[in-house]
Amino acid sequence: MSSPLPEIVVVAGIIPDADDRLCLSRRPDHKHQGGLWEFPGGKVEPGEALDHALARELHEELGLDGVRSIPFLTVRHRYPDLAVTLHFREVTAYTGVAHGREGQPVEWVPRAELSARAFPEANRPVAVALRLPPEWVIPPEDLDETAVVEGLARLDPARQGVYLRGWSGHPAVTAACRARGLRFWVRDDAGLALREGAFGLHLSGEGLARAQREGAPAFEGLLSVACHDAGQIDAARALGADMVTLSPVRATPTHPEAAPLGWDGFDELVAGNPLVFYALGGVGPEDLATARAHGAYGVAGIRGLWPRG
């Protein structure tokens with residue numbers, strides 16, 4: 473019988489500067505995952521609040537003071553020799569000039585260049601999430617095209633993206649997304665996603681099954697997958713997916729036959745999988761903090777997110 477892996481809890485900061493670059497530090501070569509870049513932070517002491525732990529670590533490591541932060545993403549990951557829970561927090565205020573007080577290299581990196589850096593595996597979902605909106609809106613399929621276009625005009629491009637599940641082949645709808653500056657995903661069709669300049673390609677259950685038979689679709693943008701269980705999450709990882717919608721968190725009228733995961737079940741499926749997860753099924757913007765506490769980055773849905781009135 474193998475002995476349990478040592479476990480640690482870490483808090484790390486996503487620290488922007490005035491030019492919206494992010495602060496990265498490089499791990500010492502002699503440490504676990506040495507030589508890789510990471511978001512600065514460190515171990516949480518027993519009983520220590522996460523915001524206090526991050527403020528302490530950023531003072532010790534970078535010389536920053538007055539650190540204030542909010543939750544961003546929690547990643548639970550198992551390396552071959554270590555189990556780690558990483559609480560990433562977005563730093564909203566600080567004073568001082570970041571520098572490596574422990575001799576570590578520190579750099580300010582534009583968001584668009586994060587993907588070129590070598591991160592520990594548990595940090596990679598954060599680099600993806602930094603490109604994504606916290607809300608993933610699915611336009612209703614029982615509206616007419618005019619109503620969908622009008623609804624899209626009321627979305628906020630800074631915090632909302634759009635999955636055109638039933639509207640992927642409608643030029644007026646994709647044109648409305650582009651005009652509004654909304655990041656949008658199309659369903660299953662990589663060729664259509666390329667032609668329309670989609671931000672992402674989302675594989676439904678049918679699309680995932682086809683990709684398992686035929687291989688990952690030829691698409692250079694962000695690849696996301698609809699998942700409902702551990703087997704589908706494993707398949708999404710094998711395809712190189714960046715993002716997963718995991719559902720249903722709660723019972724929904726559109727899928728009354730599906731047993732809800734609940735937040736505990738959601739958490740169990742997310743743990744140990746280095747992907748960006750969106751909670752889907754009976755959730756809305758008011759559930760974002762709860763979703764993030766259980767390993768998601770964002771929330772997704774139709775009724776709870778589509779603009780009313």
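Going by my numbering, the first residue of the sequence shown is number 473, and it counts up by one from there. Built from N, CA and C at the ideal position, the CB exists for glycine as well. All values derive from a computational prediction rather than experimental measurement.
Around the beta-carbon of A588, fewer than 16 other beta-carbon atoms lie within 10 Å, marking it exposed. Only exposed fits A730, as fewer than 16 other CB atoms lie within 10 angstroms of its CB. Assigned with DSSP and collapsed to three states, H531 falls in helix. For F738, there is no enclosing beta strand (DSSP E); the enclosing alpha helix (DSSP H) has its first and last residue at G734 to V742. DSSP, read as helix, strand or coil, puts R589 in coil.
Taking each of G641, T546, A521 and A490 in turn and checking the Cα distance to A765, the smallest one comes out for T546. When P720, R709 and R499 are compared, the shortest CA-CA separation from N745 is found for R709.
Assignment of P582 by DSSP, reduced to helix, strand and coil, places it in the strand class.
In this structure, V578 is the residue among H549, Y551, V578 and A555 with its C-alpha nearest to the C-alpha of G535. At a Cβ-Cβ threshold of 7 Å, G753 and P720 count as neighbours.
Here T564 is exposed. Its C-beta has fewer than 16 other C-beta atoms within 10 Å.
Fewer than three beta-carbon pairs drawn from the segment 690–706 and the segment 509–518 are found closer than 8 Å, and the two stretches are therefore not classed as touching. Here the alpha carbons of V645 and R498 stand approximately 44 Å from one another. With fewer than 16 other CB atoms across the displayed protein chains lying within 10 angstroms of its CB, A690 is exposed. About 32 Å separates the beta carbons of A594 and L627, which is beyond the 8 Å limit, so they are not a contact pair. The bridge partners DSSP lists for G672 are W657 and L694. By the 16-neighbour rule on beta-carbons within 10 angstroms, T717 is buried.
Our two residues, A683 and R493, have alpha carbons roughly 36 Å apart in a direct line.
With respect to the 7 Å criterion, G767 and D736 are not classified as neighbours on the basis of their beta carbons. DSSP places R561 inside the beta strand (DSSP E), whose first and last residues are L554 to T567. A direct Cα-to-Cα measurement between F591 and Q632 gives close to 27 Å. Annotation for L496: the continuous beta strand (DSSP E) segment containing it runs R493 to R498. A direct Cα-Cα distance of roughly 12 Å separates F671 from D714. A distance of 7 Å or more separates the beta carbons of V658 and S676.
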